[in-house]
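Read the structure below first, then the notes.
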Amino acid sequence: MTDSDWIEVGSLEDIPRRGARLVKTTRGDVAVFRTMDDAVFALDDRCPHSGGPLSQGIVQGHAVTCPLHNWLISLETGEAQGADQGCTHRIAVRLDGDRIQLARADLLQRSA
């Protein structure tokens, strides 16, 4: 991918450890997460169960708990964990220094 394939959305310091930042797009909201070990992930801000706002969930390791019904969603894959089934669209993320960038193609592939 070239630099034009990425969209900058902020800096690592904009997101608290074990927290999230909401990025509004024309195709829906994206939750950008920062883990305790400073890994950064991005998912559609919708739990696959009932559309709960994942950006308001609790980050645990490399997963987030949906605030509505406690579904645990992998930040790495978007897949529901344990006995729960479903998947939230994942958006590729990269850090350029401390700047967070999202993959333009993944944002366009999202459902409206």
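Following UniProt numbering, the numbering of the sequence shown begins with 1 at its first residue and continues without gaps. Quick reminder that beta carbons are idealized off the backbone N, C-alpha and C, glycines included. Note that the coordinates shown come from a computational prediction; the quantities given were computed from them, not determined experimentally.
Query	Result
Using a threshold of 7 Å, state whether the C-beta atoms of L31 and D14 are closer than that.	One point to set straight first is that residue 31 is Ala, not Leu, in the sequence displayed. Not in contact: A31 and D14 (Cβ atoms no closer than 7 Å).
Give me the DSSP bridge partner(s) of G10.	I100
If you scan the stretch 65 to 102 from start to end, which runs of the alpha helix (DSSP H) of 4 or more residues do you find wholly inside it?	none
How far does the beta strand (DSSP E) with G52 in it extend, from its first residue to its last?	No beta strand (DSSP E) contains G52, which DSSP labels as neither H nor E.
Reducing DSSP to helix, strand and coil, say where D37 ends up.	coil
So, are the CB atoms of V40 and L54 less than 7 Å apart?	no
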